[in-house]
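So the sequence shown is numbered by this note's numbering: it starts at 1 and just counts up by one. For glycine and all other residues, C-beta sits at the position ideal for the given N, C-alpha and C.
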Amino acid sequence: MKPRILIVDDEKNIRRTLSMILKSAGYTTREASSGEEALTMIDEAPSDAVLLDIGLPGMSGMELLRVLRSDHGNAGVIMISGQATVAAAVEATRLGAIDFLEKPLSKDRVLIAVRNALQISSLGATVGRLQKSESQRHLMIGESRAMEKLRAQVKRIGPTGATVLITGESGSGKELVARMLHEFSSVASGPFVKVNCAAIPEELIETELFGCVKGAYTGADRSRDGKFLLADGGTIFLDEIGDMSLRVQAKVLRALQEKEIERVGDSATLKVKVRVLAATNKDLMDEVAAQRFREDLYYRLNVVPLSVPPLRERRCEISLLSNHFLQLYAGENDLPPKSLSQEAQKLLEERRWRGNIRELRNVIERLAILSPGEKITAEDVHLLAPEGGAHARASGRRPSTGSAGPDLEEIREMGGLVQARREYEKHCIEVCLDKTGGNVSQAAQWLGIERSNLHKKIQSYGLDKKTQRPGESTPGEDENYEKV
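Right under this line is the structure:
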């Protein structure tokens, strides 16, 4: 589709000249002689860029620019003036104009300005879509009494600036709570910086949090800012703070108490203004008793405690969450819209969900991508997202409804990760072959792999007997496995 350019000027000859220049360059143009007429046109159909004269009758060009930036932010606006002044150019730029052209107009200058405006407009639209997608990923979905109470607490605590300790099981949504607290805070326009304290090696976490100066240690070839400095004027979220070493805990305590930090290798102190949120899936009082967590830091963090309930305590929300994630992943992966059958939804609601919302998201994403039909069935759930897996198969049992995965001892008994993975893969293939009556082509489609690849795996796992032999094929199924 050709880019659409709106030309707004009270002089007919200028509108006609600009229209000829732009049409010859491959653009579609529309013309308006006043600001009021331009607004009507834009309301009827948006424009990708606007060439706007400052000296319009009635609504001035500057007034129209303010409206466009407020209500039609993606359109790139280029201001035009026959009596250009530095003050006018500065004001137009402050209000959001991308360029400022002085009459008489140069063809090359007009085309360059329009091309730049379209590029900036396109980038703005892309950023808007990404921000919308990102905000959808961080919504706190839920209608249970527990979630309504949690949302009300967040809205009340967010604007206070108090330090908050968020507790809850892994995957229950502690980061979503932290983001919502930031959005309701007085520093919502500032950065939100997350630090996963469990994912950073102990020898690096101090540098990660507080930064370092050049030469502070081997490999420090430049100075760098840490997360506290990056979060200055905003919020820092210390996730899994219960896994932080005692040495680093002491420095975090100082940062909270004194509002200042020291970069590694530097003796100078730096003031920081940061809202601190922390989260953990551990009982920090138990960690204090075991002398793995500083008691003074615990009380400094636990100014306002918030607890996030696990998914199994709000099963009424599984359907709502599942459908939200289905729409989200369909949009992100350009997939056709899908829905869950009642039987599939019932299966999901009966699970234990030890991994909470994170586990549910992963299961729904897998079903959204791999299920072949528009309606996700109970059979899809059994085949593509079975609860349990390798450990059940290794012990000769089918995955039970209450099992979420092998524990450490079972993995050891199976011989480690490689063998556990083989057992689980074998189990998935066997289930698919059982359900498809041994039809390899259908099984490969269910599994999302090439038919030739599945043949090799069938032979490797000794599952030849699970496949149909020549002459035993179901009507219409002519691509069953032949043992070679």
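Check	Outcome
Residue 35 in three-state terms, based on DSSP	helix
Status (buried if at least 16 other CB within 10 Å, exposed otherwise) for residue 247	exposed
At least 3 beta-carbon pairs within less than 8 Å: the region 344-363 vs the region 316-328	yes
CB of residue 280 within 7 Å of CB of residue 241, strictly	yes
Span separating the alpha-carbon of residue 108 from that of residue 333	40 Å
Selected residue, minimal CA-CA separation from residue 372, among 148, 195, 443 and 35	443
Segment contact, 8 Å Cβ cut-off, at least three pairs: the region 1-16 with the region 28-45	yes
Counterpart residues of residue 271 in DSSP-defined beta bridges	260
Option nearest residue 445 by Cα separation, candidates 225, 76 and 384	384
From 319, 456, 259 and 244, residue whose alpha carbon lies closest to that of residue 288	244
Distance, residue 381 Cα to residue 187 Cα	43 Å
Exposure label - residue 123; buried when at least 16 CB within 10 Å	exposed
Residue 338 - containing alpha helix (DSSP H), residue span	Segment: none, residue 338 is in no alpha helix (DSSP H) and carries neither H nor E.
Cα-Cα separation between residue 182 and residue 195, rounded to whole angstroms	15 Å
Assigned exposure category for residue 317 - 16 Cβ within 10 Å defines buried	buried
Counted within 10 angstroms of its Cβ, other Cβ atoms place residue 61 as buried (16 or more) or exposed	buried
Collapsed DSSP secondary structure at residue 236 in the structure displayed	strand
Same chain only: Cβ atoms within 6 Å of residue 293, ignoring 5 sequence neighbours per side	284 and 287
Delimiting residues of the beta strand (DSSP E) encompassing residue 53	49-53
Beta strand (DSSP E) segments (min. 3 residues) lying fully within the region 83-124	99-102
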